[in-house]
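Undergrad: There's a structure below that I have some questions on.
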Amino acid sequence: MDPSVEHVLSHDAEDHGSLTERVAALSDERQLWALMSAYNWDDSFEVPLAVVTHPRCDRALALRLYWELDDAAQIHHSDEDAALREDYSTEAEHHPEEFDRLVRYCSTLVRGLREETFPIGLNTFDTGFFGLDDPALTDRQRTLRAAHTRRAQREHEDGFLRPVPEKRNVPPA
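In terms of our numbering, the sequence shown opens at residue 825 and continues consecutively.
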């Protein structure tokens, strides 16, 4: 594992204050991806918040956070005013600082995907939507994917659905 990522993950309980600084010191989106792949979500939302506010957090990682790694942002997207407070009521009551981090994490992630402000970087992520031009798909898979996309568009803006495919080496024209 990358030593910088390991440094974030192996924080001491007394050294919580520097987690944000440790995440900020990560230099590229692949390190952020590796960090979130190994992160224990029970530790707090301090690291996820630092990741989504990191300038190198790319669109693929943001999509992966939303669709795959934690469902809090999906809950927030569905009902931004009340859903998190209801689902995380114990956290809100007993750990208000942590609940505030959770809300800031979800708000930042949802807003960034909605407004499509996360940059395209080196990471890739297939949301399971769009991507109908993928040559690896069969006709049946394209049909199913198109139907799946139309259904998802009822609840999500395209910024939440559009995959970030691998960049193919295309010779210059």
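Heads up, the beta-carbon is just placed ideally off N, CA and C, and yes, glycines get one too.
Count the other C-beta atoms from every protein chain shown that fall within 10 angstroms of the C-beta of residue 860, then say buried if there are 16 or more, exposed otherwise.
TA: Here residue 860 is taken as the residue at index 36 of the sequence shown, counted from 1. Residue 860 should be labelled buried.
Undergrad: Which class does residue 923 belong to by DSSP, given the choice of helix, strand or coil?
TA: Translated into positions along the sequence shown, residue 923 becomes position 99. Looking at residue 923 - three-state DSSP - the assignment turns out to be helix.
Undergrad: Going straight from the alpha carbon of residue 979 to that of residue 973, what length do you get?
TA: Here residue 979 is taken as the residue at index 155 of the sequence shown, counted from 1. Here residue 973 is taken as the residue at index 149 of the sequence shown, counted from 1. Spanning the two alpha carbons is a distance of roughly 10 angstroms.
Undergrad: Flag this pair as yes or no: are the beta carbons of residue 925 and residue 983 separated by less than 7 angstroms?
TA: Here residue 925 corresponds to residue number 101 of the sequence shown, with the count starting at 1. Here residue 983 corresponds to residue number 159 of the sequence shown, with the count starting at 1. No, these two residues do not count as a Cβ contact at 7 angstroms.
Undergrad: Taking the alpha carbon of residue 865 as the point to measure from, which residue in 952, 899, 895, 919 has its own alpha carbon closest?
TA: Position 41 of the sequence shown, counting from 1, holds the residue named residue 865. Of the listed residues, the one whose Cα sits closest to residue 865 is 895.
Undergrad: Count Cβ pairs between the segment 910–919 and the segment 953–967 that sit closer than 8 angstroms; are there 3 or more?
TA: Because the criterion of three Cβ pairs below 8 angstroms is not met, the segment 910–919 and the segment 953–967 do not touch.
Undergrad: Under the rule that 16 or more other beta-carbon atoms within 10 Å means buried, what is residue 996, buried or exposed?
TA: Taking the first residue of the sequence shown as position 1, residue 996 is located at position 172. Legend: pLDDT at residue 996 = 48, less than 50; position of this residue unreliable, value from coordinates given subsequently. Answer is exposed; the Cβ neighbour count stays below 16.
Undergrad: Less than 8 angstroms between C-beta atoms, sequence neighbours within five positions excluded: which residues of the same chain meet that for residue 994?
TA: By one-based count along the sequence shown, residue 994 stands at place 170. Because the pLDDT at residue 994 is just 47, under 50, the model does not fix this residue reliably, and the point stays unresolved.
Undergrad: Suppose the cutoff is 6 angstroms on Cβ atoms and the five residues either side in sequence are ignored; what does the same chain contact list for residue 816 look like?
TA: Coverage of the chain is limited to positions 825 through 997, which leaves residue 816 absent and any answer about it impossible.
Undergrad: Going by CA-CA distance only, name the one from 968, 956, 949 that's closest to residue 990.
TA: The sequence position of residue 990 within the sequence shown is 166, counting from 1. When each option's Cα is compared against that of residue 990, the closest is 949.
Undergrad: Is residue 943 near residue 882, with beta carbons less than 7 angstroms apart?
TA: Position 119 of the sequence shown, counted from the start, is the residue given in the question as residue 943. Position 58 of the sequence shown, counted from the start, is the residue given in the question as residue 882. In contact: residue 943 and residue 882 (Cβ atoms closer than 7 angstroms).
Undergrad: Relative to the C-alpha of residue 870, which residue among 850, 893, 940, 845 is closest?
TA: Counted from its first residue, the sequence shown places residue 870 at position 46. Among 850, 893, 940, 845, the Cα nearest to that of residue 870 is on 845.
Undergrad: Work out the CA separation of residue 966 and residue 922 for me, nearest whole Å.
TA: Residue numbering aside, residue 922 sits at position 98 when the sequence shown is read from its first letter. Residue numbering aside, residue 966 sits at position 142 when the sequence shown is read from its first letter. Each residue's Cα considered, the two are about 42 angstroms apart.
Undergrad: If you draw a straight line from the alpha carbon of residue 911 to that of residue 931, how long is it in whole angstroms?
TA: Position 87 of the sequence shown, counted from the start, is the residue given in the question as residue 911. Position 107 of the sequence shown, counted from the start, is the residue given in the question as residue 931. Cα to Cα, residue 911 sits roughly 16 angstroms from residue 931.
Undergrad: How about residue 887 and residue 875: are their beta carbons less than 7 angstroms apart?
TA: As a working note, residue 887 is residue 63 in the sequence shown. As a working note, residue 875 is residue 51 in the sequence shown. Taking 7 angstroms as the Cβ cut-off, residue 887 and residue 875 do not qualify as a contacting pair.
Undergrad: State the Cα-Cα distance for the pair residue 833 and residue 847, rounded to the nearest angstrom.
TA: Here residue 833 refers to the residue found at position 9 when the sequence shown is read from its first residue. Here residue 847 refers to the residue found at position 23 when the sequence shown is read from its first residue. Roughly 10 angstroms separates the two Cα atoms.
Undergrad: With DSSP as the reference, label residue 988 as helix, strand or coil.
TA: On the sequence shown, position 164 is the one that residue 988 refers to. Strand.
Undergrad: What is the rounded straight-line gap between the Cα of residue 954 and the Cα of residue 969?
TA: Taking the sequence shown and counting its residues from 1, the one referred to as residue 954 is at position 130. Taking the sequence shown and counting its residues from 1, the one referred to as residue 969 is at position 145. Their backbone Cα atoms lie some 7 angstroms apart in a straight line.
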